[in-house]
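Here's the structure, in structure tokens; my notes come after.
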Amino acid sequence: MTHPAEMAGSPGEVYRRELAHNQALLAEEKKRDRLLGYIKLGLLLVVFLGAIALFRSLPRLPWLLIPVGGLVVFAVWHERVLESVERHSRIMSFYERGLQRLNDAWAGTGESGERFLHAEHPYARDLDIFGAGSLFELLCTTRTRAGEETLARWLLEPARVAEILARQAAVADLKGWVWLREQLFATGASVRTGVHPASLAAWGEAKPELGSQWLRPVMGVLAAVWLGSLLYWLGSSHWLPLAALTVVNLAVERFLGNGVLEFVRSTERAAVDLKVLAAVLGVLERETFEAPLLRELQAGLRTGDVAPSAAIRRLNRITQYMESRRNFLVRIVKRPTFFVAQVAFAAESWRRKFGPSIRGWLAVVGEMEALAALSAYAYEHPAAAFPEFVEAAPCFDAEGFAHPLLPESRVVRNDLRLDGSLRLMIVSGPNMAGKSTFVRAVGINAVLAQCGGVVQAQRLRLSPLAVGASICVLDSLQGGVSRFYAEIQRLKLISDLTRGPVPVMFLLDELLSGTNSHDRLVGTEHLVRALVAQGAVGLITTHDLALTQIPEAASGTAANFHFEDHLEEGRLAFDYRLKPGVVRTSNALKLMRAVGLAVEE
Numbered sequence: 000m001t002h003p004a005e006m007a008g009s010p011g012e013v014y015r016r017e018l019a020h021n022q023a024l025l026a027e028e029k030k031r032d033r034l035l036g037y038i039k040l041g042l043l044l045v046v047f048l049g050a051i052a053l054f055r056s057l058p059r060l061p062w063l064l065i066p067v068g069g070l071v072v073f074a075v076w077h078e079r080v081l082e083s084v085e086r087h088s089r090i091m092s093f094y095e096r097g098l099q100r101l102n103d104a105w106a107g108t109g110e111s112g113e114r115f116l117h118a119e120h121p122y123a124r125d126l127d128i129f130g131a132g133s134l135f136e137l138l139c140t141t142r143t144r145a146g147e148e149t150l151a152r153w154l155l156e157p158a159r160v161a162e163i164l165a166r167q168a169a170v171a172d173l174k175g176w177v178w179l180r181e182q183l184f185a186t187g188a189s190v191r192t193g194v195h196p197a198s199l200a201a202w203g204e205a206k207p208e209l210g211s212q213w214l215r216p217v218m219g220v221l222a223a224v225w226l227g228s229l230l231y232w233l234g235s236s237h238w239l240p241l242a243a244l245t246v247v248n249l250a251v252e253r254f255l256g257n258g259v260l261e262f263v264r265s266t267e268r269a270a271v272d273l274k275v276l277a278a279v280l281g282v283l284e285r286e287t288f289e290a291p292l293l294r295e296l297q298a299g300l301r302t303g304d305v306a307p308s309a310a311i312r313r314l315n316r317i318t319q320y321m322e323s324r325r326n327f328l329v330r331i332v333k334r335p336t337f338f339v340a341q342v343a344f345a346a347e348s349w350r351r352k353f354g355p356s357i358r359g360w361l362a363v364v365g366e367m368e369a370l371a372a373l374s375a376y377a378y379e380h381p382a383a384a385f386p387e388f389v390e391a392a393p394c395f396d397a398e399g400f401a402h403p404l405l406p407e408s409r410v411v412r413n414d415l416r417l418d419g420s421l422r423l424m425i426v427s428g429p430n431m432a433g434k435s436t437f438v439r440a441v442g443i444n445a446v447l448a449q450c451g452g453v454v455q456a457q458r459l460r461l462s463p464l465a466v467g468a469s470i471c472v473l474d475s476l477q478g479g480v481s482r483f484y485a486e487i488q489r490l491k492l493i494s495d496l497t498r499g500p501v502p503v504m505f506l507l508d509e510l511l512s513g514t515n516s517h518d519r520l521v522g523t524e525h526l527v528r529a530l531v532a533q534g535a536v537g538l539i540t541t542h543d544l545a546l547t548q549i550p551e552a553a554s555g556t557a558a559n560f561h562f563e564d565h566l567e568e569g570r571l572a573f574d575y576r577l578k579p580g581v582v583r584t585s586n587a588l589k590l591m592r593a594v595g596l597a598v599e600e
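According to numbering that gives the first Met the number 0, the stretch in the sequence shown is residues 0 to 600, in order.
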């Protein structure tokens, strides 16, 4: 384990070095695992043979306690070694996944976030926010369900500027904390499989189930008197007081009903989840942060003067008593002493004090993990920049921006400025020239900016923007919806966004392609005029050069831009550079011939 200050070098160098370090540690732990396995087997054999040899010499049987004690000691040691093996395996997975991201081999290997995708969202499907090879998969280093849900919510719901700036400061603070992200990942793996946030929070907030608290001291007195009568019987052989008190206590225990046992079972389930969650909380409690948001989140973990991990340890001790109810000796006396009910009341008391805090603990874990995910992206992309937010709206002013899901070695960076002076861009160009990728890059960087992360740009100035996109519109066979009808429904959704308090940035790819050229021109012109009149800015890509006539009637607030292709040694080539004006080339027939279709000149 290496402290953040010692992790010098590029992200790739750090990941490879830490991966090799943990591989070496794992190899050592596996050697111990094998050695301890052999030792335990040998001690077990000694105990077995010793028991046979000493069976006829009972006074010498206590000598077997030596190998039995050794077996217990080595069993405990072995268990810790196995936990270490598992932990180093998880840490190796953390660095392996980091190298996959750096080497552009991450798509399809992580969490896709498909369950967060809703068709009615104004941009999630169109901008590849979720799914295989999506922004969520690239960013998601979270290991708890709470972390995944928080990250998804941030990508779907733009934050206020003050909140964005607070997250930026937190991400900047966490950027170099590879060690913290490693610990959260390694610890959170078990939280992922063990903790169910909704049910755990519901258990913590449930109303008291065990009745009045006065029952607890009453049961304590009755149990003490019963134990006294038991001792009296053992010392005097007078059994009548013991019998009478046993009848009374069993009647009271029966009066409590099955609710106690149900509560105990639900508490045991919650305690398992909380014990695992405590490991993640413990990581967060130990660190010292500079960013105000991180310090605020860390302070929010405490309930009074008690840290969550300490509070959960108290519940763990209570549940250990709960588990002992299955012990043979405890079973004999548990009913007349109200053992289960007494422990249940102790757990109820714990829940009264700390239960309402569980939802807050989960929320803090979720936010910390989401911030850690954004900081990992910032760390692994040192050329990415934090966006600057301006009051003059609408504004999207980017220099050297690119699509975050493309490998940095292959991206071609472009500039773009949309504001009050230029509200609409008509982007024309041939197939495969980069129009759709350009539009998606604009949208996905706006999403990253407004969730608090860095963006793939040398510089980005923007105002708060409500992003609406119509790029990947799908028809529905089951719903009886054509692609054209699905598209105009999406356009209505984007139009409705303009009634909100935040200016809209619309991103429309091959708009109204399901109708004829005349209707496409008339429909598009009326739509964009209405959007711009409502204060929106945006881009439209098209193959239909009729749409390039729209800027002529826009009084300087709209302009044509294009991408183009060229021939290199008889093959089509693209530079993916945005240029002013209308495209003058087309490659549809060339591409058809390239795949072997017979097309006349």
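We put the CB at the ideal spot given by N, CA and C, even for glycine.
Just so you know, these numbers come straight off a predicted model, no measurement behind them.
Backbone secondary structure at residue i - three-state DSSP
| i | result |
| --- | --- |
| Ile90 | helix |
| Ile579 | First, the residue type needs correcting, since residue 579 is Pro and not Ile in the sequence shown. Three-state DSSP puts Pro579 in a strand. |
| His2 | Note on His2: pLDDT 47, under 50, position unreliable in the model; the coordinate value appears next. It is coil, neither helix nor strand. |
| Glu27 | helix |
| Arg142 | coil |
| Val536 | strand |
| Asn413 | strand |
| Ala572 | strand |
| Asp508 | strand |
| Val503 | strand |
| Ser475 | Low local confidence applies: a pLDDT of 42 at Ser475 is under 50, so the model's placement there is unreliable, and no value is given. |
| Glu407 | coil |
| Arg124 | coil |
| Lys39 | helix |
| Thr149 | helix |
Supposed close pair residue i, residue j - CB separation, criterion 8 Å
| i | j | result |
| --- | --- | --- |
| Ile633 | Thr547 | No answer is possible for residue 633: it lies beyond the span of the chain, which begins at 0 and ends at 600. |
| Leu511 | Thr523 | 6 Å |
| Leu373 | Val170 | 5 Å |
| Arg142 | Phe184 | 6 Å |
| His565 | Ala572 | 6 Å |
| Thr186 | Val279 | 5 Å |
| Glu398 | Gln457 | 5 Å |
| Ser111 | Phe135 | 7 Å |
| Asp495 | Ile470 | About 18 Å; that fails the 8 Å criterion. |
| Arg439 | Val531 | Actually they are not in contact, since the Cβ atoms of Arg439 and Val531 sit about 22 Å apart, beyond 8 Å. |
| Val582 | Gly428 | 5 Å |
| Ala602 | Thr266 | Given that the chain is displayed from residue 0 to residue 600, the structure contains no residue 602 and the question cannot be resolved. |
Cross-strand partners of residue i (DSSP beta bridge)
| i | result |
| --- | --- |
| Arg458 | Glu398 |
| Thr541 | Ser427 |
| Asn559 | Ile425 |
| Leu566 | Leu571 |
| Val342 | Its beta-bridge partners do not exist; DSSP assigns none. |
Closer than 7 Å: residue i CB and nearest the ligand SAM heavy atom
| i | result |
| --- | --- |
| His87 | Ligands in the displayed structure: none, and consequently the ligand SAM is not present. |
Status (buried if at least 16 other CB within 10 Å, exposed otherwise) for residue i
| i | result |
| --- | --- |
| Glu181 | buried |
| Phe395 | buried |
| Asn248 | buried |
| Tyr37 | exposed |
| Phe129 | buried |
| Ser475 | Note that Ser475 has pLDDT 42, beneath the 50 cutoff, so the model's placement of it is unreliable and the number below is only indicative. It counts as exposed. |
| Lys206 | exposed |
| Thr149 | buried |
| Gln319 | exposed |
| Thr235 | The residue you asked about is not Thr; residue 235 is Ser in the sequence shown. Exposed is the call here. |
| Val339 | buried |
| Gln477 | Interpretation of Gln477 is limited by its pLDDT of 38, a score under 50 that renders its predicted location unreliable; the figure taken from the coordinates is listed afterwards. Answer is exposed; the Cβ neighbour count stays below 16. |
| Arg166 | buried |
| Ser9 | exposed |
| Val75 | exposed |
| Ile549 | buried |
| Glu119 | exposed |
| His402 | buried |
| Arg33 | exposed |
| Thr108 | exposed |
Cβ of residue i within 8 Å of any chain D Cβ
| i | result |
| --- | --- |
| Trp178 | Protein chains in the displayed structure number just one, and chain D is not present. |
| said: Ignoring anything shorter than 3 residues, give me the beta strand (DSSP E) runs that lie fully in the stretch 422-470, in order along the chain. | reply: 423-427, 458-461, 465-469
Uninterrupted alpha helix (DSSP H) stretches inside the stretch 196-274 (no shorter than 4 residues): 196-204, 214-235, 239-255
_Every unbroken alpha helix (DSSP H) within the stretch 349-389, with a cutoff of 4 residues, ordered by chain_ = 357-379
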